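For the sequence shown, the working numbering gives the first residue as 35, with consecutive numbering after it.
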Amino acid sequence: MSIATTPCCGKCWHTPDTPCPDIAVCLQEGPQCHDDAVCRTAVKERLAAARRDHVERPVIFLGMGTCGLGAGAARTREAVMSFLESKKIAADIVETGCVGMCSAEPLMDVQIPGRSRICFKRVTEKNAAAILESVLKGAVPEGSALGQYRGGQAWADVPVLWESSFFRNQPRRVLKNCGIIDPGSMDEYIAHGGYRAMGMMLKNMTPAEVCDVVEQSGLRGRGGGGFLTGRKWKFALNTVSDQKYLICNADEGDPGAFMDRAVIESDPHRLIEGMVAAAYGIGATKAYVYIRAEYPLAIERLIRAIAQAKEAGFLGYNIFDSGFNLDITIKKGAGAFVCGEETALIHSIEGKRGMPRVRPPYPAVRGLFDRPTIINNVETLANLPELMEKGAAWFSSIGTKTSAGTKVFALSGNVRNTGLVEVAMGTKLRDIVFEIGGGIEGDRRFKAVQIGGPSGGCIPEHLLDIDIDYESLKTVGAMMGSGGLVVMDERTCMVDLAKFFMDFIQRESCGKCIPCREGTRRMLETLRRITRGRKSEKDIDALDRFQSVVYMERLAKVIGDTSLCGLGQTASNPVLSTLRYFRDEYEAHVYDRRCPAGVCSELVTYRIDAAACKGCTQCAKKCPSGAIMGARKAPHYIIPDKCIACGACFDVCPFDAVRKE
Numbered sequence: 035m036s037i038a039t040t041p042c043c044g045k046c047w048h049t050p051d052t053p054c055p056d057i058a059v060c061l062q063e064g065p066q067c068h069d070d071a072v073c074r075t076a077v078k079e080r081l082a083a084a085r086r087d088h089v090e091r092p093v094i095f096l097g098m099g100t101c102g103l104g105a106g107a108a109r110t111r112e113a114v115m116s117f118l119e120s121k122k123i124a125a126d127i128v129e130t131g132c133v134g135m136c137s138a139e140p141l142m143d144v145q146i147p148g149r150s151r152i153c154f155k156r157v158t159e160k161n162a163a164a165i166l167e168s169v170l171k172g173a174v175p176e177g178s179a180l181g182q183y184r185g186g187q188a189w190a191d192v193p194v195l196w197e198s199s200f201f202r203n204q205p206r207r208v209l210k211n212c213g214i215i216d217p218g219s220m221d222e223y224i225a226h227g228g229y230r231a232m233g234m235m236l237k238n239m240t241p242a243e244v245c246d247v248v249e250q251s252g253l254r255g256r257g258g259g260g261f262l263t264g265r266k267w268k269f270a271l272n273t274v275s276d277q278k279y280l281i282c283n284a285d286e287g288d289p290g291a292f293m294d295r296a297v298i299e300s301d302p303h304r305l306i307e308g309m310v311a312a313a314y315g316i317g318a319t320k321a322y323v324y325i326r327a328e329y330p331l332a333i334e335r336l337i338r339a340i341a342q343a344k345e346a347g348f349l350g351y352n353i354f355d356s357g358f359n360l361d362i363t364i365k366k367g368a369g370a371f372v373c374g375e376e377t378a379l380i381h382s383i384e385g386k387r388g389m390p391r392v393r394p395p396y397p398a399v400r401g402l403f404d405r406p407t408i409i410n411n412v413e414t415l416a417n418l419p420e421l422m423e424k425g426a427a428w429f430s431s432i433g434t435k436t437s438a439g440t441k442v443f444a445l446s447g448n449v450r451n452t453g454l455v456e457v458a459m460g461t462k463l464r465d466i467v468f469e470i471g472g473g474i475e476g477d478r479r480f481k482a483v484q485i486g487g488p489s490g491g492c493i494p495e496h497l498l499d500i501d502i503d504y505e506s507l508k509t510v511g512a513m514m515g516s517g518g519l520v521v522m523d524e525r526t527c528m529v530d531l532a533k534f535f536m537d538f539i540q541r542e543s544c545g546k547c548i549p550c551r552e553g554t555r556r557m558l559e560t561l562r563r564i565t566r567g568r569k570s571e572k573d574i575d576a577l578d579r580f581q582s583v584v585y586m587e588r589l590a591k592v593i594g595d596t597s598l599c600g601l602g603q604t605a606s607n608p609v610l611s612t613l614r615y616f617r618d619e620y621e622a623h624v625y626d627r628r629c630p631a632g633v634c635s636e637l638v639t640y641r642i643d644a645a646a647c648k649g650c651t652q653c654a655k656k657c658p659s660g661a662i663m664g665a666r667k668a669p670h671y672i673i674p675d676k677c678i679a680c681g682a683c684f685d686v687c688p689f690d691a692v693r694k695e
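#1: Report back the beta-carbon spacing between K694 and V638 to the nearest angstrom; my notes put them in contact at under 8 Å.
#2: Does the Cβ-Cβ distance between R256 and E413 come in under 9 Å?
#3: Considering only DSSP beta bridges, list what Q182 is partnered with.
#4: Distance check for T319 and Q187, CA to CA, integer angstroms please.
#5: For L445, report the span of its beta strand (DSSP E) as first-last.
#6: Is the Cβ-Cβ distance between R207 and G453 less than 9 Å?
#7: With a threshold of 8 Å, are at least 3 pairs of Cβ atoms found where one atom belongs to the region 590 to 601 and the other to the region 654 to 672?
#8: So, using beta-carbon positions, are A311 and M220 closer together than 9 Å?
#9: Under DSSP, the alpha helix (DSSP H) around E243 begins and ends at which residues?
#10: Going by Cα to Cα distance, which pick from I502, A173 and M522 is closest to R479?
#11: Would you call the region 79 to 93 and the region 265 to 279 touching, i.e. three or more CB-CB distances under 8 Å?
#12: Reducing DSSP to helix, strand and coil, say where V399 ends up.
#13: Alpha carbon to alpha carbon, what distance is there between S606 and D595?
#14: Could you tell me which uninterrupted beta strand (DSSP E) segments, each at least 3 residues in length, are contained entirely in the region 283 to 361, listed from first to last along the chain?
#15: Using alpha carbons as the reference points, say which of D294, E243 and I662 lies closest to G517.
#16: Just to check my reading of the structure: A444 and L561 have Cβ atoms closer than 8 Å, yes? What is that Cβ distance to the nearest angstrom?
#17: Tell me the rounded alpha-carbon separation between A309 and C282.
#18: Does DSSP put P55 in a helix, a strand or coil?
#19: Would you mind working out which of A645, R184, A162 and A164 sits nearest L151, comparing C-alpha positions?
#20: Taking 9 Å as the cut-off, decide whether the C-beta atoms of F154 and S178 are in contact.
#21: From V592 to C547, what distance separates their C-alpha atoms?
#22: Decide yes or no for the touch test of the region 645 to 657 against the region 620 to 630: beta carbon pairs closer than 8 Å, at least 3 of them.
#23: Can you give me the Cβ contacts of P55 inside the same chain, cut-off strictly under 6 Å, excluding the 5 residues immediately before and after it?
#24: A654 and G664 look like a contact to me (Cβ under 8 Å); what is the Cβ gap, rounded to whole Å?
#25: Using 8 Å as the cut-off, can you tell me whether the region 530 to 544 makes contact with the region 460 to 478, which would need three or more C-beta pairs spanning the two stretches below that distance?
#26: If you reduce the DSSP assignment to three classes, tell me which class D503 lands in.
#27: Going by DSSP in three states, D573 sits in which element: helix, strand or coil?
#28: Compute the Euclidean distance between the alpha carbons of W47 and T240, then round it to the nearest angstrom.
#29: Taking the continuous alpha helix (DSSP H) assigned at K268, which residues delimit it?
#30: So, with DSSP's three-state summary, where would you put R641?
#31: Between Q684 and I539, is the Cβ-Cβ spacing less than 9 Å?
#32: Just list the residues that DSSP pairs R254 with in beta bridges.
#33: Using DSSP with H/G/I as helix, E/B as strand and the rest coil, what is R391?
#34: Are there three or more Cβ pairs, one per stretch, closer than 8 Å when the region 359 to 378 is compared with the region 242 to 255?
#35: Give the straight-line distance between the Cα atoms of D288 and E299, rounded to the nearest whole angstrom.
#36: If we call anything under 9 Å between Cβ atoms a contact, is L253 one with N417?
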């Protein structure tokens, strides 16, 4: 039975079909319209039950986000259910989203009566039963606990989860409920403060006042450009129109980015409440969530949350008796990177091919169906519930003067603790990589961080102490982007990395404008030439190779200056930033035909160290081109002209006698 749709008494409702304007506050603090002690007690008890302040039987929380499922959480769930059934134990199983520490998945939390909730890492179908059996007996298996939450009797010798190196420097605002609540339960969202801000806003504020608060807070768009959100809203609010639209951009096409997906999977009602605030602020009565079809779990949970919100009266007609109406429609995208650009996204929703158009006019004045339209991404909208409840000063209390609040990043690559992190603007990049991220896996040397996806840039080791904010990143040739942070170690070839991103951008170019369509192709051809060996060249290929390198930076500037949309204008960033900070690697490829990282296969040579070789013949047996010679139990050698640099000998040698140069 839903606490959002079932009144404690008849006085909580104006009519059978319309919720009271104070219902969100009522569900948080008890009835405001009267002083019924019985009703107050009932509300408090139901909220405590939804928060699980105290439990009467064991509750098992399983991280069932995409990262958890990818790590085997579904099999863990089956093992948990099998254990409970075999032991005839009555317990509740709650599926949550991602708490952020993806590298420790599958995660399982256990809360037993009277004890604090405790989180276990890497719980598979093999060890789930043993962990549960131990916890139910009041003991914690050694080395399995990630941490415990506050509340209830603490477990001995188990650290508090939020005080671990991964979490302690994260002021979780957007990710506040992620991995904590059941994303399929609106009751739990309400019990943790949800929809309170919406009720207060619709009852006490005008749309202009909402825009003022958002502008004063300093909230900037978290999708990449960083434009002031409140100022952007005011363009739409002040444009006269019979219809206005709000679009949530959840397309998230950057490689290595998964912030929006995780937020929707873990806390979909937060996005809905944020969309209500934004739509009310600009005067929109119709909203769309544009989300890629490759996010089936996020779509499923969002559909369910929208249905729950409609049933409770939090969406639809005359919300909270305010006279404000809002409908939300989900539009599935086909995964085109260009549809992350706002005008291309608008065309896609309209049923057209996703291609950008010339601006101005900007969407805030003429957007979807030629009506004023505001486009914000998931993270921007997810900031709004607490911002509206606690005010502009609270929001800007952390961050920098020009970049207020927090930023969510998807931390991935060659770092120990991969996952979703939320840090205050102005946090140093070094702290994210080496404190929260735990440093480089395998104790290898840090090389660079790719930030901002294909439109971003690479930040080298000597700039690790840079502050993460919009202005600082621009000074080093990078950008905030949507929030992907890919960490690279010494094994990464920066030329090969630039080639990867340029290949991605070239394939994803919509082809509308010549600079992006043809320019990125020429840059990709240049990068392919300088990673190619002599054996692949013929005629005047060597001359073309040098000529194209000479003009590469000039071509990059032309592409940036003349492309139609922001994606084309930033397409050259990966090449320009790697050229700026890793020019020596480019020179090694161009002049020496050598890849220092040993990644570009055509520029790699192999030799056998005669002193280390035992003549086991394993390399000769695996060589597909017959390039390795030598008698059994005698040192072997490689014939350079026959070697195809496949690396099979390097991989198979048991004595590390094969050298890659």
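We put the beta carbon where it would ideally sit given N, CA and C, even for glycine.
The structure presented is a predicted model; accordingly, all values stated were derived computationally and were not measured.
If we stick to the structure as given:
#1: Stepping through the sequence shown from its first residue, residue 694 is reached at position 660. Stepping through the sequence shown from its first residue, residue 638 is reached at position 604. The pair is a contact, with the Cβ atoms about 6 Å apart (cut-off 8 Å).
#2: Position 222 of the sequence shown, counted from the first residue, corresponds to residue 256. Position 379 of the sequence shown, counted from the first residue, corresponds to residue 413. For R256 and E413, yes; Cβs fall inside 9 Å.
#3: Along the sequence shown, one-based indexing puts residue 182 at 148. BP columns for Q182 point to I152 and V194.
#4: Here residue 187 refers to the residue found at position 153 when the sequence shown is read from its first residue. Here residue 319 refers to the residue found at position 285 when the sequence shown is read from its first residue. Q187 and T319 have their C-alpha atoms roughly 48 Å apart.
#5: For this step, residue 445 is matched to residue 411 along the sequence shown. Run containing L445: T440 to G447, per the beta strand (DSSP E) assignment.
#6: Taking the sequence shown and counting its residues from 1, one reaches residue 207 at position 173. Taking the sequence shown and counting its residues from 1, one reaches residue 453 at position 419. Going by C-beta atoms, R207 is not nearer than 9 Å to G453.
#7: no
#8: Against the sequence shown, residue 311 aligns to sequence position 277. Against the sequence shown, residue 220 aligns to sequence position 186. The answer is no: Cβ separation not under 9 Å.
#9: Here residue 243 is taken as the residue at index 209 of the sequence shown, counted from 1. Start and end: P241 to S251.
#10: Position 445 of the sequence shown holds residue 479. If we check each option's Cα against that of R479, M522 comes out closest.
#11: no
#12: In the sequence shown, counting from the first residue as 1, residue 399 sits at position 365. In this structure, V399 counts as coil in the three-state DSSP scheme.
#13: Taking the first residue of the sequence shown as position 1, residue 595 is located at position 561. Taking the first residue of the sequence shown as position 1, residue 606 is located at position 572. Each residue's Cα considered, the two are about 11 Å apart.
#14: Within the region 283 to 361, the runs of beta strand (DSSP E) that reach at least 3 residues and sit entirely inside it are, in chain order, 320 to 326.
#15: The sequence position of residue 517 within the sequence shown is 483, counting from 1. If we check each option's Cα against that of G517, D294 comes out closest.
#16: Walking along the sequence shown from the start, residue 444 turns up at place 410. Walking along the sequence shown from the start, residue 561 turns up at place 527. A444 to L561, Cβ: 25 Å. No contact.
#17: Counting from one through the sequence shown, the residue named residue 309 turns up at place 275. Counting from one through the sequence shown, the residue named residue 282 turns up at place 248. It is worth fixing the name first, because residue 309 is Met in this sequence and not Ala. Each residue's Cα considered, the two are about 8 Å apart.
#18: Numbered from 1 along the sequence shown, position 21 holds the residue referred to as residue 55. Any reading at P55 is ruled out, since the residue's pLDDT is 48, under 50, leaving its predicted position unreliable.
#19: Against the sequence shown, residue 151 aligns to sequence position 117. The residue you asked about is not Leu; residue 151 is Arg in the sequence shown. When only C-alpha atoms are compared, the closest one is R184.
#20: Residue mapping note: residue 154 aligns to position 120 of the sequence shown, counting from 1. Residue mapping note: residue 178 aligns to position 144 of the sequence shown, counting from 1. Between F154 and S178, the CB-CB gap stays under 9 Å.
#21: The residue you call residue 592 lines up with position 558 of the sequence shown. The residue you call residue 547 lines up with position 513 of the sequence shown. Approximately 12 Å, taken between the alpha carbons.
#22: no
#23: Indexing the sequence shown from 1 puts residue 55 at position 21. Note on P55: pLDDT 48, under 50, position unreliable in the model; the coordinate value appears next. Cβ neighbours of P55 beyond the five flanking positions: K237, F354 and D355.
#24: Sequence index remark: in the sequence shown, residue 654 carries index 620 (1-based). Sequence index remark: in the sequence shown, residue 664 carries index 630 (1-based). Confirmed, about 7 Å.
#25: no
#26: What you label residue 503 is simply residue 469 of the sequence shown in a count that begins at 1. In the structure shown, D503 sits in coil (DSSP, three-state: anything other than H, G, I, E or B).
#27: Position 539 of the sequence shown, counted from the first residue, corresponds to residue 573. In the structure shown, the three-state DSSP call for D573 is coil.
#28: Position 13 of the sequence shown, counted from the start, is the residue given in the question as residue 47. Position 206 of the sequence shown, counted from the start, is the residue given in the question as residue 240. Only weak support exists for where W47 lies, its pLDDT of 34 falling under 50; the value from the coordinates is given anyway. Using only the alpha carbons, I get a separation of about 23 Å.
#29: Along the sequence shown, read from residue 1 onward, the residue named residue 268 stands at position 234. Residues T263 to L271.
#30: Within the sequence shown, numbered from 1, the residue matching residue 641 stands at position 607. It is a strand residue.
#31: The sequence position of residue 684 within the sequence shown is 650, counting from 1. The sequence position of residue 539 within the sequence shown is 505, counting from 1. The question names Gln, but residue 684 is Phe in the sequence shown. No.
#32: Position 220 of the sequence shown, counted from the first residue, corresponds to residue 254. Bridge partners of R254: L262.
#33: Here residue 391 refers to the residue found at position 357 of the sequence shown. It is coil, neither helix nor strand.
#34: no
#35: Here residue 288 refers to the residue found at position 254 of the sequence shown. Here residue 299 refers to the residue found at position 265 of the sequence shown. When rounded, the distance between both Cα atoms is 18 Å.
#36: For the purposes of this step, residue 253 is identified with residue 219 of the sequence shown, where counting begins at 1. For the purposes of this step, residue 417 is identified with residue 383 of the sequence shown, where counting begins at 1. Yes, they are a contact pair.
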